[in-house]
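The structure under discussion appears below in the form of structure tokens.
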Amino acid sequence: MQENGRLLAAVLTRVKLQAKPGVSTLQLAEIAREEIEAVGAESAFIGYRGFPGVICISLNEEVVHGIPSATRIMRQGDLVKIDIGIKRKGFYADMAETVYLGEEVPLEIARLLATTKTALITGIRNCIAGETLGKISQSIQKVIETGNLSVVKRFVGHGIGRSLHEKPPVPNFGSSIGGPRLEVGMVLAIEPIATFGSPEIAIKQDGWTAITANGALSAHFEHTVAITSRGPVILTSTCQAG
Ligand code: MG
Numbered sequence: 445m446q447e448n449g450r451l452l453a454a455v456l457t458r459v460k461l462q463a464k465p466g467v468s469t470l471q472l473a474e475i476a477r478e479e480i481e482a483v484g485a486e487s488a489f490i491g492y493r494g495f496p497g498v499i500c501i502s503l504n505e506e507v508v509h510g511i512p513s514a515t516r517i518m519r520q521g522d523l524v525k526i527d528i529g530i531k532r533k534g535f536y537a538d539m540a541e542t543v544y545l546g547e548e549v550p551l552e553i554a555r556l557l558a559t560t561k562t563a564l565i566t567g568i569r570n571c572i573a574g575e576t577l578g579k580i581s582q583s584i585q586k587v588i589e590t591g592n593l594s595v596v597k598r599f600v601g602h603g604i605g606r607s608l609h610e611k612p613p614v615p616n617f618g619s620s621i622g623g624p625r626l627e628v629g630m631v632l633a634i635e636p637i638a639t640f641g642s643p644e645i646a647i648k649q650d651g652w653t654a655i656t657a658n659g660a661l662s663a664h665f666e667h668t669v670a671i672t673s674r675g676p677v678i679l680t681s682t683c684q685a686g
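Note that the sequence shown covers residues 445 to 686 in my numbering.
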């Protein structure tokens with residue numbers, strides 16, 4: 445899983461560099477397909493419960509599960525959420541990042557991105573064997589709400605391993621005493637999603653794409669994290685030793 449995580453981080457890095465104004469989300473997904481194949485992996489998302497895309501690309505008010513489309517052209521000023529899952533040698537890895545297309549990031553968007561990223565890192569720091577899973581959830585919620593943003597509660601993180609989505613679910617909210625005790629060897633996909641104002645979600649007519657009901661922007665960051673005796677290890681890190 446460590447090897448898969450490292451490969452996925454490299455794939456996502458290369459794909460996000462190709463997210464540019466004028467490129468369609470389908471073109472970006474095709475680039476992702478090539479990059480995933482180049483590392484000897486396959487897309488974990490295509491065909492998953494009938495999902496039609498190689499990866500998920502969600503723009504602006506789209507929160508998650510955006511379907512790549514030839515007619516959806518990315519533009520300057522777009523907030524692009526790229527979510528990639530791979531399968532290789534029987535194991536899965538899952539990772540997401542949000543990028544802003546443009547040189548100067550507007551202050552509010554910078555705040556959204558920084559807060560959501562901090563929530564992810566804070567959640568990861570609480571991936572400690574012997575502690576409750578609820579500590580992850582509560583710490584993420586605290587960072588997002590202290591930043592005057594809302595947690596999108598409809599979607600949660602998850603266990604990951606020989607399946608893409610395993611138990612336990614990892615909510616981005618809740619009490620620190622909730623959830624199971626974390627154990628060495630567990631691997632979790634931690635994935636906070638934050639937005640401005642109401643966290644209510646609607647699903648587009650394609651049956652997949654989740655959008656904020658009020659049209660507000662949202663951000664999503666995700667890492668696959670292993671719980672070890674020496675603490676949390678981010679498997680989908682680009683700067684991983686070994
Ligand atoms: Mg995930």
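Beta carbons are placed, not taken as given, at the ideal position from N, Cα and C, and that holds for glycine.
Please read these numbers as outputs of a predicted model, since none were measured by experiment.
Asked: The ligand MG heavy atom lying under 7 angstroms from the CB of HIS602; Found: yes
Asked: ASP650 Cβ short of 7 angstroms to the ligand MG heavy atom set; Found: no
Asked: Cβ-Cβ distance between PHE665 and THR542 below 8 angstroms; Found: yes
Asked: Closer than 7 angstroms: GLU635 CB and nearest the ligand MG heavy atom; Found: yes
Asked: Cβ-heavy atom distance, GLU666 to the ligand MG, below 7 angstroms; Found: yes
Asked: Close-in-space but distant-in-sequence residues of the same chain around GLY686 (CB under 8 angstroms, 5 per side omitted); Found: Here GLY686 scores only 43 on pLDDT, less than 50, and its place in the model is too uncertain to base an answer on.
Asked: Paired residues, beta bridge with LEU503 - DSSP; Found: VAL524
Asked: Residue closest to LEU545, alpha-carbon to alpha-carbon, out of VAL507, THR668, ILE517, ARG569; Found: ILE517
Asked: ARG450 burial status per 10 Å Cβ neighbour count (16 or more: buried); Found: buried
Asked: Close Cβ partners of THR576 (< 8 angstroms) along its chain, the five nearest in sequence each way excluded; Found: SER620, ILE621, GLY622, GLY623, PRO624, ARG625, LEU626
Asked: Contacting residues, own chain, Cβ-Cβ under 6 angstroms from SER594 (five flanking each side not counted); Found: THR639, PRO643
Asked: Distance CB(PHE617)-CB(GLN585) smaller than 8 angstroms; Found: yes
Asked: Inter-residue spacing [alpha-carbon to alpha-carbon] between VAL688 and ALA663; Found: What is shown of the chain runs 445 to 686, which leaves residue 688 out entirely.
Asked: Sequence-distant residues of the same chain with beta carbon closer than 7 angstroms to THR687, five excluded per side; Found: With the chain running from 445 to 686 in the structure shown, residue 687 is simply not present.
Asked: Beta-carbon spacing of THR457, THR682 below 8 angstroms; Found: yes
Asked: Residues that DSSP places opposite SER619 in a beta bridge; Found: None, per the DSSP bridge assignment.
Asked: Cβ separation of LYS611 and GLY603, assumed to be a contact under 8 angstroms, to the nearest whole Å; Found: 5 angstroms
Asked: For ILE671 and THR614, believed in contact at Cβ under 8 angstroms, the rounded distance; Found: According to the sequence provided, residue 614 is Val. The question's Thr does not apply to it. Incorrect: roughly 12 angstroms between the Cβ atoms, too far for contact.
Asked: Those residues which DSSP pairs with ASP538 across a bridge; Found: GLY529
Asked: VAL614 - containing beta strand (DSSP E), residue span; Found: 610–614
Asked: Range of the contiguous alpha helix (DSSP H) that encloses VAL459; Found: 446–461
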